[in-house]
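This report refers to the structure that appears directly beneath it.
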Amino acid sequence: MKKLNRGVAVVGTGMSQFGSFPEKTTRDLFVEAFQDMRASVDRGLDPNDIEAIYVGNYSSDLFEGQGHTAPIMADWVGLAPRPATRVEDACASGGVALRQGILAVASGLYDVVLVGGIEKMSNLPIAGVTDALATAGDVSFEIPAGFTFPGFYAAIATAYMHRYGASPNALLRVGIKNHDNGKLNPKAQFRARIADLMAGRIAKAQQKGLPVPEWQTEMDFLHDDGANPFIAWPLRLFDCSPVTDGAAAVLLVSEEIARRFSDAPLYVIGTGQASDTSALHDRPELTALRAAQLAGQQAYAMAGVTPDDIKIAEVHDCFTIAEIVATEDLGFFAPGTGHEAAEEGLTTRHGPKPINTSGGLKSKGHPVGASGAAQAVEVWKQMRGQAGERQVDRDVDLAMTHNVGGTGQTCVVHIYERR
Ligand code: COA
0 MKKLNRGVAV
10 VGTGMSQFGS
20 FPEKTTRDLF
30 VEAFQDMRAS
40 VDRGLDPNDI
50 EAIYVGNYSS
60 DLFEGQGHTA
70 PIMADWVGLA
80 PRPATRVEDA
90 CASGGVALRQ
100 GILAVASGLY
110 DVVLVGGIEK
120 MSNLPIAGVT
130 DALATAGDVS
140 FEIPAGFTFP
150 GFYAAIATAY
160 MHRYGASPNA
170 LLRVGIKNHD
180 NGKLNPKAQF
190 RARIADLMAG
200 RIAKAQQKGL
210 PVPEWQTEMD
220 FLHDDGANPF
230 IAWPLRLFDC
240 SPVTDGAAAV
250 LLVSEEIARR
260 FSDAPLYVIG
270 TGQASDTSAL
280 HDRPELTALR
290 AAQLAGQQAY
300 AMAGVTPDDI
310 KIAEVHDCFT
320 IAEIVATEDL
330 GFFAPGTGHE
340 AAEEGLTTRH
350 GPKPINTSGG
360 LKSKGHPVGA
370 SGAAQAVEVW
380 KQMRGQAGER
390 QVDRDVDLAM
400 THNVGGTGQT
410 CVVHIYERR
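For the sequence shown, numbering that gives the first Met the number 0 gives the first residue as 0, with consecutive numbering after it.
The following block contains the structure:
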């Protein structure tokens, strides 16, 4: 069984506001995340103690016309000339940067490492964003056939619904839950329940003297093709994560010195990473992500825990179907039953297995290269009882993050313990 060479602890986390910020650059967002992280270190952080920095970034090159981003981020938070390394694994860039930081500390080379994640997507019009994201697919086979990212996950959703008889309502339930959670997250891009958005539309129609929609429930609203149009059948607008600008920062130190920084450090007790075929058509099945299953198994084996032990998880819900599949790949629910769990409310904040209490990528937002690092921010808050209104109603001594690149060509999973 693989083990880390020495213990690694998280002693600070932070994130910028997530959303669409025409007035900000990636540099501004990263500085904001760094300052937020610095404020979270119980006993204070002297930045001079940081020895290296790993930055997850999918494509500042395509989104902002700026490559070579890691040294720029290091410079903007005053860390030059420390070694700064950019990590790119599509939407898993932040999670893989975190893993690189963990391995660097575990190796004994560094005692204090900063991990960042950044993406500024809103500079491009939506067609440009779609094209930039598509380069994370297989450009030899998939993109010439007309696939986009919503299209990939639509194919996964179609296969899943066909195989397991899942209803589109299961997908919509994931969106409702994640917006419920996102409303309670001050850093989220969408801070509104779907019921609130529905009520807002009704009030607007009344105000303008227009025909008033007859929606009674959130499901009525979500089944209305005008209010919630199809993006790629069967996925609708509220099944998709949005286009987001944002950054996150995580401070890692060796276990021996963790208490010098933090009164309540989190210990990384499991980490796993795997990859898969570059194109969906080469996979034996579309209803599970093999890389996620393997990364999860590695992390569980290293940590010596089981899926039942995990109190909360932040999983990669770039589309609602992805959350359902993730809860099966990670062993929380048996294959083919994740959709029932979603419909029965088992993954809500007060259900037996809270998933994406932050609002997830769906509602908190998905600045692709930052998302994996931002997941650690939520487990940090929940495990330390600092999640405010969205704090779960149980002691969170074990938590997991699960971050996917592309359609599962990369997956990275981490398990954290509070002692
Ligand atoms: N969920 C809910 N509402 C959304 C939304 C989303 N994902 N994206 C946009 N909206 C809302 C906006 O707030 C706006 O609302 P308003 O009219 O009340 O102000 C409205 O929808 C139109 O917004 P706009 O920005 O014009 O939407 P768009 O058509 O340009 O983009 C998507 C919508 C779904 C195409 C875009 O969000 C997208 O491509 N998402 C997927 C991103 C992706 O693939 N990421 C990588 C995953 S691996």
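Built from N, CA and C at the ideal position, the CB exists for glycine as well.
For clarity, every value in this text was computed on a predicted model and none was experimentally measured.
| Asked | Found |
| --- | --- |
| Tell me whether residue 332 is buried or exposed, calling it buried when 16 or more other Cβ atoms sit within 10 Å of its Cβ. | buried |
| Looking at C-alpha atoms only, which residue of 417, 109, 378, 413 is the closest neighbour of residue 293? | 413 |
| Comparing C-alpha positions only, which one of 375, 220, 296, 132 sits nearest to residue 428? | Since the first residue of the chain shown is 0 and the last is 418, residue 428 is not available in this structure. |
| Give me whichever residues DSSP pairs with residue 401 in a beta bridge. | 412 |
| Can you have a look at residue 12 and say buried or exposed, based on whether 16 or more other CB atoms are within 10 angstroms of its CB? | buried |
| Have a look at 113, 56, 87 and flag the residue whose alpha-carbon is nearest the alpha-carbon of residue 8. | 113 |
| For the ligand COA, is there a heavy atom less than 7 Å away from the beta-carbon of residue 419? | Because the chain is modelled from 0 through 418, residue 419 falls outside the range shown and cannot be assessed. |
| If you measure between the beta carbons of residue 16 and residue 53, is that distance less than 8 Å? | no |
| Which of helix, strand or coil does DSSP assign to residue 109? | coil |
| Rounded to whole angstroms, what's the CA-CA distance from residue 326 to residue 312? Just pull it up for me. | 9 Å |
| Just checking, does the stretch 357-374 make contact with the stretch 226-245 on the three C-beta pairs under 8 Å criterion? | yes |
| Below 6 Å CB to CB, which residues in the same chain sit around residue 37 once its five sequence neighbours on both sides are set aside? | 44 |
| Say whether the stretch 124-144 touches the stretch 375-395, bearing in mind that this needs 3 or more beta-carbon pairs closer than 8 Å, one atom from each stretch. | no |
| Output yes or no for whether 8 Å exceeds the beta carbon distance between residue 298 and residue 344. | no |
| Identify the residues that DSSP records as bridge partners of residue 323: which are they? | Residue 323 pairs with nothing; no bridge assigned. |
| Within the chosen definition, does the stretch 255-268 reach the stretch 206-223 through at least 3 CB pairs nearer than 8 Å? | no |
| At a cut-off of 7 Å, would you count residue 167 as near the ligand COA, judging by its Cβ distance to the nearest heavy atom? | no |
| Applying the 10 Å Cβ sphere with the 16-neighbour rule, what's the burial state of residue 14? | buried |
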